[in-house]
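**Student:** Numbering (my numbering), first residue to last: 2 to 195.
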């Protein structure tokens, strides 16, 4: 069974301990738990009743991707932050500049996507095209691109910021950008040989 990954920090610049605890210890932990429950139910599901309109197998497999992506997106989100953040440099900066024209153009688009997404904004690396893309995901299991590595993830569901910012998403995005761990993103770049 999947384990809950601990947070590396108690609070971030502009994001309170209360906000992080609710987000990590309740919401993310809930996705970990549900993923385990679904995996257990799949062991005994009756595959002979499979049907495209409705069946237990179909429902479990649909919700498996929602819960599992909820786990993976949250883990990437929490991992790509640290208190005080760091400057965007190294391989990720070079690749952003190559694929978006400049860091500033990339950041402008990424922030704007944070305002228009209902759930997630992901900077992904297309392993086929060898190119970075900003991807908008309104739901955990919608919007992802096959054969793309998620390098940098921003959660813009209201649960990510409501305690600290109420409906002030723009202020939350500002705080989020102050806590980006670009060193972590560069480690991912090295892992994917970007």
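The beta carbon of each residue, even a glycine, is placed where N, CA and C say it ideally should be.
Would you report the Cα separation of residue 181 and residue 188, rounded to the nearest angstrom?
**Tutor:** CA-CA distance, residue 181 to residue 188, rounds to 13 Å.
**Student:** Quick check: the Cα distance between residue 64 and residue 39, rounded to an integer number of angstroms?
**Tutor:** Cα-Cα distance, rounded: 8 Å.
**Student:** Please say whether residue 118 and residue 157 have beta carbons closer to each other than 8 Å?
**Tutor:** Against a cut-off of 8 Å, the Cβ pair of residue 118 and residue 157 comes out as a contact.
**Student:** State yes or no: is the C-beta of residue 12 within less than 8 Å of the C-beta of residue 165?
**Tutor:** no
**Student:** So what's residue 31 in DSSP terms, helix, strand or just coil?
**Tutor:** DSSP places residue 31 in helix when its eight states are reduced to three.
**Student:** Using CA atoms only, rank isn't needed, just tell me which of 138, 114, 79 and 69 is closest to residue 36.
**Tutor:** 69
**Student:** From residue 155 to residue 125, what does the alpha carbon distance come to, in whole angstroms?
**Tutor:** 12 Å
**Student:** Kindly confirm or deny that the region 15-29 and the region 169-177 touch, where touching means at least three C-beta pairs closer than 8 Å.
**Tutor:** Touching, yes, given that three or more Cβ pairs across the two stretches are closer than 8 Å.
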